[in-house]
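Colleague:
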Amino acid sequence: MSFAYTAQPDSIRLESVHILHANLKDHEGKFIGSSMDLDRHIGNVNGNLAFDSGDFSRTATNVRLDLSESPNRVLLFATLKNENGSTAESSIDLNQRITNRDGHLEY
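With full-length UniProt numbering, letter number 70 in the sequence shown gets 70, and the count goes up by one each step, no holes.
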């Protein structure tokens with residue numbers, strides 16, 4: 001199950017542009033603070049945010065989370081450069097790959 005379904009909604013945020021933080025329920029129903037470095041899992045592939053890559057924040061500006069569709073979708077937005085040097089906004093749904101494993105964010 002995606003992490004947002006078991007997170008305190010007000011706790012989902014970015015720290016230092018690339019660190020995802022959320023308070024997640026563990027197996028006892030207690031909330032635990034957990035963080036994940038998104039740079040270890042998301043990259044810039046020709047101007048698009050992509051999973052199974054890395055270091056997106058090195059080439060990103062205007063990084064933000066959109067929680068308006070949470071818990072169904074948690075969108076990471078960033079303006080990225082492509083191979084030609086032009087920039088465009090890209091987004092990726094963190095719920096597609098990030099889960100809650102007993103109170104801890106897991107990719």
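Backbone N, C-alpha and C fix where the C-beta goes; we use that ideal spot for every residue, glycine too. The model shown is predicted, which means the values in this text are computed figures rather than measured ones.
Thinking C-beta only, is G54 closer than 7 Å to D37?
Modeller: For D37 and G54, no; Cβs fall outside 7 Å.
Colleague: Out of N62, L67, L14 and I42, point me to the one whose CA is closest to F56's CA.
Modeller: It is I42.
Colleague: Cα-Cα, which of Y5, D66 and H21 is closest to S11?
Modeller: Looking at the Cα atoms, H21 is the closest of the given residues.
Colleague: Near V17, what residues of its chain come up, given a Cβ to Cβ distance below 6 Å and the 5 sequence neighbours on each side ignored?
Modeller: Excluding residues within five positions, the ones whose Cβ falls inside 6 Å are S57 and V63.
Colleague: Pull up the DSSP beta-bridge partners for residue 122, would you.
Modeller: Because the chain is modelled from 1 through 107, residue 122 falls outside the range shown and cannot be assessed.
Colleague: Just reading off the beta strand (DSSP E) that T61 is part of, what are its end residues?
Modeller: Note, T61: beta strand (DSSP E), A60 to D66.
Colleague: Assuming G47 and A4 make a contact with CB atoms under 8 Å, what is their CB distance in whole Å?
Modeller: Not a contact, Cβ separation roughly 26 Å.
Colleague: Where do the ends of the beta strand (DSSP E) carrying D93 lie?
Modeller: First-last of the beta strand (DSSP E) with D93: T87 to D93.
Colleague: In the structure shown, what three-state DSSP assignment does S11 receive?
Modeller: In this structure, S11 counts as helix in the three-state DSSP scheme.
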